[in-house]
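Under full-length UniProt numbering, the first residue of the sequence shown is numbered 139, with each subsequent residue one higher. Every residue gets a Cβ at the ideal spot worked out from N, C-alpha and C, and that includes glycine. A short worksheet on the structure shown next.
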Amino acid sequence: AEEMMIRSEKMSVAGQLAAGIAHEIRNPLTSLKGFLQLLQAGVKHKDEYYQIMVDEIEKMEAITSELLFISKPLTDHKEWESLPELIDDVITLLRSQAKLKNITILREGENSLYVNCDRSQIKQVFINLLKNAIEAMDKPGYIKINYRLIRQTILIDIVDEGEGVPEEIIHKLGEPFFTTKQSGTGLGIMITKQILDRHQGDLEIMHNADKGSTFRITLPWSEVS
Ligand code: ADP
Ligand code: MG
């Protein structure tokens with residue numbers, strides 16, 4: 139009976155997600171159809187309409203590519219990876235995006251720490267959290283990634299100087315499609331949590347104020363074998 143219950147719970151999550159996807163795709167489609175009909179009728183302000191249509195299509199593109207990531211088979215290829223190297227890879231990836239906003243990303247921690255993980259998945263975790271940090275900052279400043287080993291746990295803090303998360307929405311972070319951004323997908327934190335789950339890790343918001351927020355990743359540590 140227990141197994142059945144677990145299964146039906148899972149189905150309802152999938153069902154919820156499917157309903158959310160349908161909704162998130164239908165809205166831009168409806169709006170695209172409307173604008174196409176207007177253009178067909180030969181209205182003015184064509185350039186404005188084209189821009190809105192491109193935005194709507196980009197939103198659907200973003201949603202579908204994040205969903206493709208979720209639907210990838212759950213085969214984990216866990217190997218021993220150097221955490222500092224992995225973080226540096228992601229920083230390199232996002233450096234130009236950060237630079238555009240005059241943001242510097244720094245890594246702080248010992249140079250040798252290994253974690254047993256699926257490299258591309260954990261990279262995705264850092265990409266999602268760093269993107270959020272960059273998007274939260276509208277002034278030049280720093281994003282710091284510091285990590286350390288405490289007892290048998292690796293703690294990784296991502297500290298930004300952004301606007302912070304309003305107290306009343308903290309509990310909604312990680313709900314599929316919850317976003318406060320104009321062109322957000324609201325899938326980043328959900329995916330991040332799923333990946334960390336698969337690694338027996340966790341994600342918490344540790345500090346939060348209008349001077350910025352700190353997201354903490356925890357991952358289990360063990361001796362390299
Ligand atoms: P998206 O980035 O597409 O909105 P996410 O799941 O990545 O979706 O994030 C959900 C919401 O959480 C964001 O819309 C934002 O309101 C909030 N959020 C996440 N990270 C931060 C952060 N570092 N600073 C402020 N708000 C954040
Ligand atoms: Mg995001």
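Compare the C-alpha of residue i against each of the options and name the closest.
i    : options                   : result
L232 : I272, L357 and S220       : I272
M275 : W359, R336, I241 and T317 : I241
T330 : K319, G322 and E342       : E342
T291 : Q338, K171, K237 and F353 : Q338
G279 : L293, V297, L267 and I265 : V297
M191 : I201, L167, W359 and A179 : L167
F207 : G180, K184, N266 and E219 : N266
I355 : N254, E248, D214 and F264 : F264
Y252 : T230, L287, S258 and K239 : L287
D348 : M328, E305 and L334       : E305
P248 : L238, E223, N270 and K269 : Strictly speaking, residue 248 in this sequence is Glu, with Pro absent from that position. Measuring from the Cα of E248, the nearest candidate turns out to be E223.
At which residues does the beta strand (DSSP E) containing residue i begin and terminate?
i    : result
F264 : Here F264 belongs to no beta strand (DSSP E); instead the alpha helix (DSSP H) covers R257 to A274.
L219 : The question names Leu, yet the displayed sequence has Glu at residue 219. E219 -> beta strand (DSSP E) spans K216 to S220.
L293 : T291 to V297
K277 : Unbroken run through K277: none, as it is neither H nor E.
D348 : Unbroken run through D348: none, as it is neither H nor E.
Hey, could you find the ends of the alpha helix (DSSP H) residue i is sitting in?
i    : result
G326 : G326 to R336
I need the DSSP call for residue i, collapsed to helix, strand or coil.
i    : result
P358 : strand
E305 : helix
K171 : helix
L287 : strand
L155 : helix
E162 : helix
Beta carbon nearer than 5 Å to a non-hydrogen atom of ligand 2 = Near ligand 2, residues with a Cβ at less than 5 Å from any of the ligand's heavy atoms are N270 and G326; the list follows chain order.
key: alpha helix (DSSP H) runs contained entirely in the segment 177 to 252, provided each spans 4 or more residues   = Segments of the alpha helix (DSSP H) lying fully in the segment 177 to 252: 184 to 209 and 221 to 238.
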